[in-house]
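The next block holds one structure in the form of C-alpha cells; read it before the comments.
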Amino acid sequence: MKSRINELPVAIALTVFVVCLFFAIDSSAIIDGGSGLSVDQLIDASRGTYVFNIGIPENPQESRMLWSEEKGINFTMPGKLAGSGTTPQETRSSANTGEVTSSQTASAVSSNQPKAASSPEPTISPASRVAGNWSLRLSDSKNRFMAIRLFQSENTVLGTGNMNDGGDTLKVLASGSISADKLNLDVISSGVVNLYRLSLNLSSTSTFGEYRAFSTSGERWRGTVEGTLEAN
2 MKSRINELPV AIALTVFVVC LFFAIDSSAI IDGGSGLSVD QLIDASRGTY
52 VFNIGIPENP QESRMLWSEE KGINFTMPGK LAGSGTTPQE TRSSANTGEV
102 TSSQTASAVS SNQPKAASSP EPTISPASRV AGNWSLRLSD SKNRFMAIRL
152 FQSENTVLGT GNMNDGGDTL KVLASGSISA DKLNLDVISS GVVNLYRLSL
202 NLSSTSTFGE YRAFSTSGER WRGTVEGTLE AN
C-alpha cells in the first residue's frame, strides 16, 4: 500500500508530461504549417524566436540564383547599362543629359536655318484729296471755262458746277474716280449736251492733263486741261 502511494506522484508527473507534450505537438503543428521544421524550431517559433527556414533565400541575390537554377531564368545584370552609366542612377542621369543635349541641338539647328526673306509689302499711295472748288480751263480750238465743286468719298468723286463755252453758260455734272494722284473725271453739260472725259494729274492745289470730248451729233475732239483749287 505504501509502495503504491509512493508511485502516485510519479504517475501524476508522467500524466502531466504527456498532456504538455500533446499540447506542444499540437501547437507545433499549427505553427509549422507543413514547413518541415524540427520540434526545437517549432518550440522557438512558438516563443516568438525567429526561425531560419533553409528553403527560403536570405536576400534577393540568393533568390535570383535559386530561380536561375530551378527555372533556367538568367538574372545576370549586364556589365554595362544603357548609355555610359554602370548603375541605374548613372543611366537615368545620362538619359536626362542626352535629352537636354538633343533639345539644345534641335534648337540650335532650327535657329541656324536661314529664314526666308519676307517680301516688302507693296506700298499704296493714299488717294489725293480733291474735294473743293476748282477752276478749269479746257483748250482746243477755243477755250472753255469750268467752275466746278467736287466732293470726295474715299476714291469716288462727284461734282456740280457751270461751264462757259465762249457764249452760253451751261450747267454741268461730274463723276469719276481717283487713284493716288490720278483723277479720271467725266463732265456732262446740259442744254448743249456734250461729254468731256478728263484725265488729270494732281498736285496739292493744281492739276493738268488732257480730255476727249463727245457730242450728241457724233462730233469728237481733243484738248488740254489745266486748273487750280481755290482756297476756301
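So in my numbering, the last spot in the sequence shown is 233, and the numbers never skip. Even glycine gets a Cβ: it sits at the ideal position worked out from N, Cα and C. Given the structure is predicted, the values throughout are model-derived calculations rather than measurements.
I need the boundaries of the beta strand (DSSP E) containing residue 132, first residue and last residue. Along the sequence shown, read from residue 1 onward, the residue named residue 132 stands at position 131. Unbroken run through residue 132: none, as it is neither H nor E.
Own chain residues within Cβ distance below 6 angstroms of residue 224, not counting five before or after: The sequence position of residue 224 within the sequence shown is 223, counting from 1. Taken in chain order, the residues that qualify are 139, 140, 141, 212.
Helix, strand or coil at residue 140 [DSSP, three-state]: For the purposes of this step, residue 140 is taken as the residue at position 139 of the sequence shown. Strand at residue 140.
Beta-carbon proximity check, residue 151 vs residue 226, cutoff 7 angstroms: For the purposes of this step, residue 151 is taken as residue 150 along the sequence shown, with counting starting at 1. For the purposes of this step, residue 226 is taken as residue 225 along the sequence shown, with counting starting at 1. Not closer than 7 angstroms, so no.
Please classify residue 177 as buried or exposed, where buried requires at least 16 other C-beta atoms within 10 Å of its C-beta. If you number the sequence shown from 1, residue 177 lands on position 176. With 16 or more Cβ atoms within 10 Å of its Cβ, residue 177 is classed as buried.
Give me, in chain order, the residues of the same chain whose beta-carbon lies closer than 8 angstroms to that of residue 130; leave out the 5 immediate sequence neighbours on both sides. As a working note, residue 130 is residue 129 in the sequence shown. 153, listed in sequence order.
Based on the DSSP output, what are the partners of residue 228 in its beta bridges? One-based indexing of the sequence shown puts residue 228 at position 227. Its beta-bridge partners are 137, 208.
Residue 160 classed as buried or exposed, judged by whether at least 16 other C-beta atoms fall within 10 angstroms: Taking the sequence shown and counting its residues from 1, one reaches residue 160 at position 159. Burial call: buried.
Three Cβ pairs or more, each shorter than 8 angstroms: is that satisfied between the region 188-199 and the region 157-173? yes
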